[in-house]
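**Q** Position 34 of the sequence shown, counting from 1, maps to 34 under the UniProt record's numbering, and the rest follow consecutively. Built from N, CA and C at the ideal position, the CB exists for glycine as well.
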Amino acid sequence: MASVKKDNRLTSSQSFMCVGFAGFFSKTATSPLEVVKIKSQVGTFHCKRGFCQSFLLIYQHEGLRGFWKGNLASCLRLFPYTAVHLTAYKKIVHLHMDEVGFISQWRAIFAGGLAGVAAALATYPLEVVETRLIAQNCRQPTYIGVIHTLSKIYRSEGLLALYRGFSLTVLGAFPFSIGCYAVYMNLDKLWQEPPFRFTPLQNFISGCLTAGVSQALSYPFETVKRKMQAQSVRLPHFGGVDVHFSGMIDCFIQVVRNKGVLSLWNGLTANTLKIVPCFGLLYTCFEMCKQVCLYRNGYIVSPLSYKLAPGVDQSLGPYELEEVKRYLKNRNFGSGESSFGNRW
């Protein structure tokens, strides 16, 4: 059994901002690997010579700016994605909790998958924008900025083009969830101890391992999705896609027939290398933001450590703690005023 834990010492807005800022920072720092991955999935000429040569070709043809193409769209997508994902996950989990607040591991993972699909549906157009911006050459751009890309796709290709390949997000959620479940069910065997005894380092390694396995299983669906997002008859070279197709099934067939089965995992090296720094920065940045918020709320003595403030009830929520502080302050002021009056 697994319990869904939440730090009630943070307000909802603080939790949201911590997750959003941590995601923004980690995505920006690992954007070059994301660019190489997506170009490899789409099949642009940059990826023809392998992983290392891709970096050199991007730099030669587009400069340093080329490594951060689409990053703004990716970061803008974080906030609504996080909001929808957290809200949907909380609602789904509460439906499957027992009377003491516990939920089985597979149901928690299934809830995460459904919440991910709901969040992807709400933010999918920004993912399409990110793919189009990355696939193009930024020195000869078809699209300029997020708003221009959205409006141009909508005007020239219609609303459905902004959701092209979304069904693959749904299909890819199943192998992704299976990968998560398979890893989580074997973590106790890997570490030779129960999950509640894991150290922060063990949790970090487990998260990286889970992401690596689950993403490898769902990767072919993402590769085809990226090709569908990038392809357009109105773009030069059909958007840079290495195969031309008429739909999802035809895309799978064309990729396997012309490029081989393994090409469905193009860009997996960049994606795998991105996992550790991305998770590390995400975790570290989130913890730093959390410490600042806990310090502001009065639970810890310094924003640089988790040392608890003496005499503070850590079970109280932020607003409850603020009420207690206000009450004590008013009471002390009143007693001081009374003693002053008695002296005169």
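Give, in chain order, every unbroken run of the alpha helix (DSSP H) that is at least 4 residues long and sits entirely within the UniProt repeat "Solcar" (103-190).
**A** As far as the UniProt repeat "Solcar" (103-190) is concerned, its whole alpha helix (DSSP H) runs of at least 4 residues are 105-135, 145-157 and 166-184.
**Q** Taking three-plus beta-carbon pairs below 8 Å as touching, is the stretch 119-136 in contact with the stretch 147-155?
**A** Counting Cβ pairs under 8 Å, three or more are found: they touch.
**Q** Would you tell me roughly how many angstroms separate the C-alpha atoms of G63 and V19, rounded to the nearest one?
**A** Cα to Cα, the separation comes out at about 31 Å.
**Q** Are the beta-carbon atoms of A173 and V117 separated by less than 8 Å?
**A** For A173 and V117, yes; Cβs fall inside 8 Å.
**Q** Grab me the residues of L209's own chain with a C-beta within less than 7 Å of its C-beta, minus the 5 sequence neighbours each way, in chain order.
**A** For L209, where only same-chain residues beyond five positions count, the Cβ hits under 7 Å are V183.
**Q** Would A83 and V93 qualify as a contact pair, given that the criterion is a beta-carbon distance under 8 Å?
**A** For A83 and V93, no; Cβs fall outside 8 Å.
**Q** Considering only the alpha carbon of each residue, which of M185, P175, W265 and K329 lies closest to K39?
**A** Of the listed residues, the one whose Cα sits closest to K39 is W265.
**Q** Helix, strand or coil for L308, going by three-state DSSP, please let me know.
**A** The answer is strand: DSSP assigns L308 an E or B state.
**Q** Decide if E322 is buried, meaning its Cβ has at least 16 other Cβ atoms within 10 Å, or exposed.
**A** So E322 ends up on the exposed side.
**Q** With 16 as the cutoff for other CB atoms within 10 Å, does Q41 come out buried or exposed?
**A** Buried, because 16 or more other Cβ atoms sit within 10 Å of the Cβ of Q41.
**Q** Can you list, in chain order, the residues of its chain whose CB lies under 7 Å from that of L133, leaving out five sequence neighbours each side?
**A** Within the same chain, L133 has close Cβ partners K69, G70, A73, Y143 and T149.
**Q** Can you list, in chain order, the residues of its chain whose CB lies under 7 Å from that of P303, leaving out five sequence neighbours each side?
**A** Only Q291, V292 and Y295 meet the Cβ criterion.
**Q** Would you say K225 and G165 are within 8 Å of each other, going by their C-beta atoms?
**A** Cβ distance < 8 Å, so K225 and G165 count as in contact.
**Q** Can T210 be considered in contact with the ligand SAH, in the sense that its beta carbon sits closer than 7 Å to one or more heavy atoms?
**A** In terms of ligand content, the structure shown is empty, and the ligand SAH therefore cannot be addressed.
**Q** Out of curiosity, what's the CA-to-CA distance linking S338 and T199?
**A** Note that S338 scores 44 on pLDDT, short of 50, meaning its location in the model is unreliable; the coordinates nonetheless yield the value given after this. Whole-angstrom Cα-Cα distance: 52 Å.
**Q** Going by Cα to Cα distance, which pick from G112, V100 and E99 is closest to H85?
**A** Closest option to H85, Cα to Cα, is G112.
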